[in-house]
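The block underneath contains the structure these notes are about, expressed in structure tokens.
Numbering (my numbering), first residue to last: 4 to 376.
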């Protein structure tokens, strides 16, 4: 288990587009959360004592916790860290000041992920964000001045948004990492209930502009929605995209662990806060070697470096290349894939979904007794 994700569900505001598991803090709930988290951490540490390469505090808004609560949160985690470990804390601009940033550094945080979303007042208002343009700019400046590796989230392709201006602001500030997303309208969110619709053409144009503007400034696209200066890539998120193993703590957190008895791995999904506080066990999904191969293809093709089918064969013990080769050759001829040996890279101008479905179809008959091709 190389990485650990800790879910902190508390948020000062509930944004109308958000479908993450977030709650407001009230009457003793943070105290109960920390107590339950300590129990969960102790049990997981017995199975996987580390040391950790990455530690990620997500939410919610982890930076919304009070100073004493943050100190307790870090203290209850028994894992040692590797010397070059990446420790990321998600933060909203309105929760930052120099004293808070000094505390984060004292606790071992070396990377801040800032939920900026936009630098435009009208867009921030539409998104229901608690901060304005000045707060967003100041938060980024403070983080950089504190010497933290700084990543910002931007939502692009919104009606009325000048996304070129937002991208230009990110470049001018000098951040090392930008996560540039288009907004997904998730069922049950206020945006969905309001019937808000987005224009696919505008979203596509925004992502093309992101690659051009950020790339020209040295922030290279290393994943579908993520751009970084060399050495500033998110190592924790790489664990996800490379289908590695990581632990999870907290309500609604999802962990991926080594399997046994013919099962490649186990995915554990924790229940929401009330049931989690009551001690309900996580749900468990056993993942077969073939299912892991399919997931690894789906995730790995999001990366600019692609996915190495040979390495995937070594992990799963399956003859993947023999079954994939005819499909790969067809996709390469269409320009949908770049192929070097057994490494596959998706071309960014192609939609990943149909590409992945065709690769999956090539794997469906493994174990059927039929001859590949």
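Ideal Cβ positions, reconstructed from N, Cα and C, are used throughout, including at glycine.
Would you say residue i and residue j are within 8 angstroms of each other, going by their C-beta atoms?
i           : j           : result
residue 76  : residue 250 : no
residue 139 : residue 166 : no
residue 315 : residue 299 : yes
residue 260 : residue 252 : no
residue 78  : residue 117 : no
residue 170 : residue 217 : yes
residue 160 : residue 222 : no
residue 182 : residue 146 : no
residue 323 : residue 296 : yes
residue 359 : residue 293 : no
residue 61  : residue 89  : no
residue 365 : residue 330 : yes
residue 65  : residue 32  : no
residue 214 : residue 176 : no
residue 347 : residue 304 : yes
residue 151 : residue 114 : yes
residue 149 : residue 104 : yes
residue 232 : residue 179 : yes
residue 363 : residue 302 : no
residue 333 : residue 350 : no
residue 15  : residue 135 : no
residue 51  : residue 28  : no
Smallest Cα separation from residue i: which of the options?
i           : options            : result
residue 1   : 27, 62, 86         : Any property of residue 1 remains undetermined from this structure, which presents the chain solely from 4 to 376.
residue 112 : 261, 57, 184, 130  : 57
residue 357 : 129, 340, 369      : 340
residue 7   : 80, 27, 95         : 80
residue 73  : 51, 9, 50          : 9
residue 67  : 222, 286, 107      : 107
residue 82  : 161, 125, 4        : 4
residue 91  : 101, 102, 110, 98  : 110
residue 308 : 229, 12, 176       : 229
residue 306 : 289, 276, 333, 238 : 238
residue 282 : 274, 209, 163      : 274
residue 271 : 262, 287, 89       : 287
residue 207 : 360, 297, 162      : 162
residue 70  : 291, 101, 45, 177  : 101
residue 289 : 267, 361, 347, 60  : 267
residue 247 : 94, 262, 324, 254  : 262
residue 127 : 158, 336, 150, 63  : 158
residue 173 : 119, 254, 344      : 119
residue 99  : 185, 137, 35       : 137
residue 327 : 361, 50, 164       : 361
residue 209 : 29, 168, 96        : 168
residue 211 : 235, 234, 185, 236 : 185
residue 354 : 63, 227, 95        : 227
residue 318 : 335, 344, 291      : 291
May I ask which residues mark the beginning and end of the beta strand (DSSP E) holding residue i?
i           : result
residue 268 : 268 to 272
residue 62  : 55 to 62
residue 343 : 340 to 343
residue 46  : Residue 46 -> not in any beta strand (DSSP E); alpha helix (DSSP H) instead, spanning 32 to 50.
residue 346 : 346 to 349
Just to confirm the assignment, what range does the alpha helix (DSSP H) spanning residue i have?
i           : result
residue 261 : Unbroken run through residue 261 is the beta strand (DSSP E), 257 to 261; no alpha helix (DSSP H).
residue 70  : 70 to 78
residue 169 : 166 to 176
residue 359 : 355 to 366
residue 146 : 136 to 148
residue 125 : 124 to 130
residue 242 : 238 to 244
For residue i, write down the residues that DSSP places opposite it in a beta bridge.
i           : result
residue 251 : 8
residue 182 : 156, 229
residue 223 : 231
Checking contacts by CB at 8 angstroms: is residue i closer than that to chain C?
i           : result
residue 279 : Checking the listed chains, one finds no chain C in this structure; it contains a single protein chain.
Should residue i be counted as a contact of the ligand GDP given a C-beta to heavy atom distance under 7 angstroms?
i          : result
residue 74 : As presented, the structure is devoid of all ligands, the ligand GDP included, so that no description of it is given.
key: Any beta strand (DSSP E) of 3 or more consecutive residues that is wholly inside the region 269 to 326   = 286 to 290
ask   = At which residue ranges does the region 82 to 121 contain complete beta strand (DSSP E) runs of 3 or more residues, listed in the order of the chain?
value = 84 to 94, 114 to 120
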